[in-house]
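Position 144 of the sequence shown, counting from 1, maps to 160 under this note's numbering, and the rest follow consecutively. Worksheet for the structure shown next.
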Amino acid sequence: MVAGHFAIDKIEIGKERRIIRIGGPPFYSAIAASRLGVKVIVLSKVGGDFPQNYLKILENEGIDIASLQIIEDAKTTSFAIKYVDDRREMRLQALCRELLPEDFSVDVKVKVVHVAPITGEIPYKTFEKLRKNANIVCLDPQGFIRRFDEKGNVRLREWRDRRFLEKVSILKADEKEALCISGSSDLCMAAKKIAEYGVETVIITMAEKGAILLYDGEIQKIPAYPTRVIDPTGAGDVFIGAYIAEYIKKKDPIWCACVGSAAASILIEKSGLLRFGFKNEIYERAEKLHRMIS
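Shown next as structure tokens:
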């Protein structure tokens, strides 16, 4: 299960390219996992402005949308995203309603729940119910770390809520987010400090520099697959979606991370809505990355 808001992203890349499309972890992570043969449920809320063709896309990708609520009198969470050189600027334009414990059935049991808020839309009481309904909890804390000024501009803040961190098996964060959680200025040290909360596996994604993987107390650098970046939006979500898909199959964490890196590399080198790779091409790239490590 992937829990968090979908988003309508209004993306500007350079001076020429402007795109409006669906985004958010329930889109990117869910489809990445589904493409690798995993059954995925999404828990989310969208507004009456959510385009119907997006629902069809999710169904065509094999995503279970029974726990996706359409709130007719609400707006779908929406961001304006602007890429300037190597920087990403984000501004929140609309915010949908929180995800609450009563929004999904107590009978829904899953192997892994990926808790992935983008605006803090998952309160602790919802997290607790999700945790009890899953064997493994994975957290992307980006929505807890973000704060928004009066114009919706996104800023990062320190966040170390033990109620969440002490109950998570896998945590995925980007470089800046990992530093906000750990208080460290070094990424390897940041991973170790996050692990001190009891997190078994820490993944820190670093764009073209690859990723840091910490598990069993050991640090492993995961290379990025060399490619030309066209649109990086959603890369971290695809990484963790692919990682979880392999983890469920009881694969080695290093292999899982190589698959995540490979899946993300395919996404970023394409434009358009469905930029996801298919199993064979993802595995082919993952095998090359795995050989680079071993």
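In this text, a Cβ means the ideal position worked out from N, Cα and C, and glycines have one as well. As the structure is a prediction and not an experimental result, all values here were calculated from the model.
Inset, instruction - May I ask which residues mark the beginning and end of the beta strand (DSSP E) holding VAL170? - result: 170-172
query = What residue range is occupied by the uninterrupted alpha helix (DSSP H) comprising MET311?
reply = Because the chain is modelled from 17 through 310, residue 311 falls outside the range shown and cannot be assessed.
- Query: Nearest-angstrom Cα distance between ARG291 and ILE282?
  - Reply: 7 Å
inquiry  = Quick check: the Cα distance between ASP156 and LYS31, rounded to an integer number of angstroms?
reply    = 31 Å
Just the Cα atoms here: how many angstroms apart are SER121 and LYS145?
10 Å
Tell me, which residues are paired with SER60 by DSSP?
-> LEU84
Notebook entry, point to check: Identify the residues that DSSP records as bridge partners of ARG163: which are they?
Noted result: ARG171
| message | Going by DSSP, what residue range makes up the beta strand (DSSP E) through THR142? | response | Counting along the chain, THR142 falls outside any beta strand (DSSP E), though it belongs to the alpha helix (DSSP H) covering 140-148.
Where does GLY20 sit, in a helix, a strand or coil, going by DSSP?
Coil.
DSSP bridge partner residues for THR221 (one or two, in chain order) = ASP190, ALA227
Can you check DSSP and say which residues form a bridge with GLU75?
Paired residue(s): none; GLU75 is not in a bridge.
When the distance is taken between beta carbons, is GLU297 closer than 8 Å to THR243? Cβ distance not < 8 Å, so THR243 and GLU297 don't count as in contact.
Opposite CYS154 in the DSSP bridges: which residues? HIS130, ILE186
Mind checking PHE294: buried by the 16 CB within 10 Å criterion, or exposed?
-> exposed
Contact the region 29-44 vs the region 88-104: 3+ CB pairs below 8 Å = yes
*Integer Cβ distance of TYR8 from SER277, believed to fall under 8 Å*: Here the chain comprises residues numbered 17 to 310, so residue 8 is not present and cannot be evaluated.
Taking ASP311 and ILE57 to be in contact with their CB atoms under 8 Å, please state how far apart those CB atoms are, rounded to whole angstroms. Missing from the structure shown is residue 311; the chain here goes from 17 to 310 and no further.
PHE95 lies in the beta strand (DSSP E); which residues open and close that run?
-> For PHE95, the enclosing beta strand (DSSP E) covers residues 94-100.
Among the candidates ILE152, ARG301, PRO133, whose CA atom is the shortest distance from the CA of LYS319? With the chain covering only 17 through 310, there is no way to say anything about residue 319.
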